[in-house]
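Asker: Can you keep this structure in mind? I'll have questions shortly.
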Amino acid sequence: MSARAVDPRVCPTCGDALTFEILDDERFLVVWSCVECGLVRATEPV
Ligand SMILES: [Zn+2]
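Under the UniProt record's numbering, the residues of the sequence shown are numbered 1 to 46, in order.
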């Protein structure tokens, strides 16, 4: 109960909500970006 999962939709730097853009539907490549501090991170399958 005390474990807190890191929400990938929230910026780890400023805590603001991230917006995502799907780059490749088949490979599930998604880019998350923060409009507040400019952080960008991509997620893709291993
Ligand atoms: Zn941010």
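No residue lacks a Cβ here, since even glycine has one placed at the ideal position from N, Cα and C.
Nothing here was measured: the structure is a model prediction, and the numbers come from that model.
Compute the Euclidean distance between the alpha carbons of Ala42 and Glu36, then round it to the nearest angstrom.
Answerer: Whole-angstrom Cα-Cα distance: 17 angstroms.
Asker: If you count every other CB in all the chains shown that lies within 10 Å of the CB of Leu18, and 16 or more means buried, which is it?
Answerer: By the 10 Å Cβ count, Leu18 comes out buried.
Asker: Over the uninterrupted beta strand (DSSP E) stretch that includes Glu21, give me the two end residues.
Answerer: Here the beta strand (DSSP E) through Glu21 covers 19-24.
Asker: Return the CA-CA distance between Cys34 and Glu44, expressed in angstroms with no decimal places.
Answerer: Going by the C-alpha atoms only, they are around 18 angstroms apart.
Asker: Spatial neighbours of Arg9 within its chain, please: C-beta separation below 7 angstroms, excluding the five flanking residues on both sides.
Answerer: Excluding positions up to five away in sequence, the list reads Ala17, Leu18.
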